[in-house]
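Position in the sequence shown (from 1) plus 62 gives the number in my numbering.
All residues carry an ideal CB built from backbone N, CA and C; glycine is no exception.
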Amino acid sequence: MSGTASISNNKRIARNTVLVYSRMILTIGITLFTSRKMLEVMGVDDFGIYNVVGTFVVLFAFLNTIMAGATQRFLSYDLGKNDLKRFNLTFNISLIAHFIIIGVMFLLAETVGLWFLNYKMEIPPDRMYAANWVYQFSILTSAVRILRVPYNAAIITDEKMSFYAYMGILEVFLGLISVYILTYLDIDKIILYSALVFLSAIIIFFSYRLYCLKKLEGCSFKWLWDKDIFKNIISFSSWSMFGGVANLLAQQGLNVVLNIFYGVTVNASMAIANQVGHGVYSLVSSFQTAFNPQLVKYYAADEHNQFIKLIINASKYSFYLIFILALPLNLNMDIILDIWLPVIPEYTKQFCQIMIVFFTIDALSSALWLAVQATGRIKKYQLIISIVIFMTLPVSYILLKLGFGQVEAVSVKIFINLIAHFTRIIYLKRNIQLPVRKYLYHTLLIPSIIIALSSPIPLFIAYKTDGILSLVITTIISVIIVTLNIYLIGMNRDDKKMIRNFILKKLKHAK
């Protein structure tokens with residue numbers, strides 16, 4: 063690839079990152095406010111019931127996540143090969159596959175899932191009626207979101223990030239409107255909210271579908287069939303299922319285990335922690351959304367050097383993006399929760415801090431597992447990683463059985479995630495010749511130096527001040543120090559040049 067083409071791709075990735083990052087900043091703000099309003103309107107118990115029932119439906123929707131990764135991988139690969147005809151064929155077959163997933167989800171959810179909800183979950187008897195309504199609406203919402211996946215994948219693959227950003231903003235605004243409707247209608251709050259979320263999912267689905275039909279080539283649905291493409295997608299998805307199940311049990315199964323030992327109140331705490339963690343990580347996932355199509359296209363075009371370079375850059379910048387927020391958040395978690403929530407369930411602070419550390423580690427790993435997906439050689443990888451990640455659930459369960467508390471059980475996620483990260487590095491060293499020494503230098507040594515240089519002053523300020531003053535000062539100082547250290551230590555010469563040119567261009571236009 064020529065130097066000009068490489069610079070053009072870097073600019074496209076940067077532009078797409080800014081678009082999706084902007085979407086996520088707004089999304090996080092609205093989502094956090096929506097969560098506060100939900101807790102205020104529903105109360106702790108109903109908020110916990112809504113989240114644990116919704117979590118349980120995710121147990122059957124994990125096939126959707128697996129197929130989403132497979133769909134985007136194969137669509138990106140087809141575009142990387144400039145094969146529009148095959149792109150259209152892949153799109154149609156993936157849409158048919160998602161119809162099959164919906165059928166499987168309904169079968170499992172209305173049999174095993176319904177039985178578990180009514181006979182095994184610790185839900186107050188007077189709220190079982192509402193819980194069942196929430197469950198049914200959650201199934202319907204999951205079905206609509208599953209059907210949206212191929213359209214969403216096509217938009218991301220074609221790098222139409224402005225529409226993707228706008229739809230994300232619309233989706234969270236619909237969620238905010240739904241919460242405000244709860245305050246004006248005298249209907250069971252969690253049933254009404256579940257119905258409104260389902261309605262929002264329908265609106266978003268038809269918006270995606272209409273855009274794809276009008277603006278993108280290759281997204282019109284026809285009953286086309288290709289046995290080989292279907293076999294490749296299913297094979298890829300089947301092996302991805304190992305990782306999907308492991309992640310599902312580690313992330314969602316722990317919520318069920320905590321419910322069995324401690325009831326719905328701890329689920330409310332965990333739900334808030336997950337929202338904080340996912341909110342912070344969504345900034346990184348936005349970055350992934352921007353670079354993932356290019357990662358697959360580099361591999362499809364046999365651009366190995368660019369492929370490796372993007373893996374390293376994606377890993378380190380994913381960490382930088384999350385650390386900018388993680389430092390002030392963890393230092394001021396008490397203050398933030400006190401401002402944010404009308405009622406703070408027990409252990410919320412500890413769970414939030416654990417999840418932020420967990421997702422900070424996960425940020426480093428994101429490019430590694432996306433690189434494996436780009437290659438398509440995932441059988442051995444999923445077998446190994448699935449075993450590692452799966453250990454979160456039994457280890458947490460054993461700790462709870464032995465009498466350890468909720469905090470220790472949830473902290474297991476951090477330890478297991480570290481093991482999984484280094485397992486990925488070893489795997490990629492053997493399979494795509496990842497230069498481990500270079501990778502660790504840029505993603506472990508340099509970030510460690512940045513952490514060491516950035517933390518002392520904010521820690522000292524947080525220790526000497528309290529309240530809103532502490533939050534404001536430590537946040538400002540943290541962002542300034544971390545950003546400066548990233549620029550001075552964490553960026554190479556080309557990255558610094560691109561940043562300088564971007565700032566100069568903006569200043570020139572502002573005059």
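C-beta atoms of residue i and residue j nearer than 8 Å
i       : j       : result
Thr-173 : Phe-260 : no
Gln-444 : Gly-315 : no
Ile-418 : Ser-473 : no
Ile-423 : Asn-479 : yes
Ala-429 : Val-346 : no
Leu-372 : Leu-357 : yes
Phe-421 : Val-541 : no
Trp-431 : Arg-486 : yes
Ala-263 : Val-326 : no
Ala-159 : Leu-179 : no
Cys-281 : Ala-216 : yes
Phe-413 : Met-332 : yes
Val-469 : Tyr-409 : yes
Lys-411 : Leu-399 : yes
Gln-436 : Tyr-525 : Per the sequence shown, residue 436 should be read as Ala rather than Gln. Cβ distance not < 8 Å, so Ala-436 and Tyr-525 don't count as in contact.
Ile-440 : Phe-267 : no
Ile-406 : Gly-529 : no
Pro-520 : Leu-389 : yes
Ile-512 : Ile-551 : yes
Ile-265 : Leu-236 : yes
Selected residue, minimal CA-CA separation from residue i, among the options
i       : options                               : result
Leu-462 : Ser-269, Val-114, Phe-178 and Val-319 : Val-319
Lys-284 : Asn-150, Ala-215, Ala-205 and Gly-105 : Asn-150
Leu-391 : Phe-178, Arg-207, Thr-536 and Ile-481 : Thr-536
Ile-246 : Ser-458, Val-103, Met-553 and Ile-530 : Inspection of the sequence shows that residue 246 is occupied by Tyr rather than by Ile. Among Ser-458, Val-103, Met-553 and Ile-530, the Cα nearest to that of Tyr-246 belongs to Val-103.
Ala-433 : Asn-354, Leu-455 and Tyr-409          : Asn-354
Leu-574 : Ala-227, Lys-293, Asn-214 and Asn-321 : Residue 574 is absent from the model: the chain starts at 63 and stops at 573.
Ile-447 : Thr-219, Ile-481 and Val-469          : Ile-481
Val-544 : Arg-555, Pro-518, Asp-528 and Ser-240 : Pro-518
Phe-466 : Phe-323, Lys-293 and Ser-302          : Phe-323
Lys-475 : Gln-368, Leu-275, Tyr-489 and Ala-308 : Ala-308
Val-106 : Ile-185, Ser-532 and Asp-288          : Ile-185
His-504 : Val-328, Leu-464, Thr-454 and Asn-375 : Asn-375
Arg-135 : Asn-367, Asn-294, Ile-449 and Thr-527 : Asn-294
Glu-365 : Leu-244, Ile-494, Leu-507 and Ile-265 : Ile-494
Ala-471 : Ile-163, Gln-368 and Asn-317          : Asn-317
Asn-367 : Ile-296, Leu-496, Lys-442 and Ile-488 : Leu-496
Ser-300 : Tyr-181, Asp-220, Arg-148 and Ala-132 : Ala-132
Leu-101 : Asn-329, Leu-531, Thr-527 and Leu-310 : Asn-329
Lys-359 : Gly-438, Arg-492 and Leu-311          : Gly-438
Leu-574 : Ser-138, Thr-527, Thr-454 and Pro-509 : Nothing in the structure corresponds to residue 574, since the chain is present only between 63 and 573.
Trp-287 : Ile-508, Ser-224, Arg-148 and Ile-208 : Arg-148
Gln-350 : Asp-290, Asp-556, Ile-218 and Asn-563 : Ile-218
Under the three-state DSSP convention, the category residue i falls into
i       : result
Gln-356 : helix
Glu-408 : coil
Glu-184 : coil
Glu-172 : helix
Glu-221 : coil
Ser-64  : With a pLDDT of only 45 at Ser-64, under the threshold of 50, the placement of this residue in the model should not be trusted; the figure read from the coordinates follows. Ser-64: coil per DSSP, three-state reduction.
Ala-363 : coil
Asp-396 : helix
Gly-237 : helix
Asp-248 : coil
Gly-142 : helix
Cys-274 : helix
Gly-110 : helix
Leu-403 : coil
Glu-102 : helix
Gly-341 : helix
Gly-280 : coil
Cβ of residue i within 8 Å of any chain D Cβ
i       : result
Ile-447 : Protein chains in the displayed structure number just one, and chain D is not present.
Proximity test, residue i beta-carbon vs the ligand GDP heavy atom, cut-off 7 Å
i       : result
Ile-478 : The ligand GDP is absent from the structure shown, which contains no ligand whatsoever.
Exercise. Do the stretch 181–200 and the stretch 146–158 make contact, defined as three or more Cβ pairs closer than 8 Å?
Worked result: The stretch 146–158 and the stretch 181–200 do not touch, with fewer than three beta-carbon pairs separated by less than 8 Å.
Problem set entry | Cβ contact check for the stretch 320–339 and the stretch 195–209: 3 or more pairs under 8 Å | The answer is no - the stretch 195–209 does not touch the stretch 320–339, with fewer than three Cβ pairs under 8 Å.
Problem set entry | Segment contact, 8 Å Cβ cut-off, at least three pairs: the stretch 108–116 with the stretch 245–261 | Cβ pair count under 8 Å is three or more, so yes.
For this session: For the stretch 283–316, list the alpha helix (DSSP H) runs that are entirely contained and at least 4 residues long, ordered along the chain.
Result: Counting whole runs of 4 or more residues, the stretch 283–316 contains the alpha helix (DSSP H) stretches 289–310.
Exercise. Just checking, does the stretch 138–146 make contact with the stretch 268–278 on the three C-beta pairs under 8 Å criterion?
Worked result: Flag = no, the stretch 138–146 and the stretch 268–278 do not touch.
Exercise. Can you find at least 3 beta carbon pairs, one from the stretch 447–460 and one from the stretch 373–380, that sit closer than 8 Å?
Worked result: Result no; under three Cβ-Cβ pairs closer than 8 Å.
Problem set entry | Residue ranges of each beta strand (DSSP E) within the stretch 406–474, 3 or longer | No beta strand (DSSP E) of 3 residues or more sits fully in the stretch 406–474.
Exercise. Would you call the stretch 504–516 and the stretch 546–562 touching, i.e. three or more CB-CB distances under 8 Å?
Worked result: Contact between the stretch 504–516 and the stretch 546–562 is present, because at least three Cβ pairs lie under 8 Å.
Problem set entry | Runs of alpha helix (DSSP H) lying entirely within the stretch 475–562, each at least 4 residues, in chain order | Complete alpha helix (DSSP H) runs here, min 4: 498–502, 508–516, 518–526 and 529–547.
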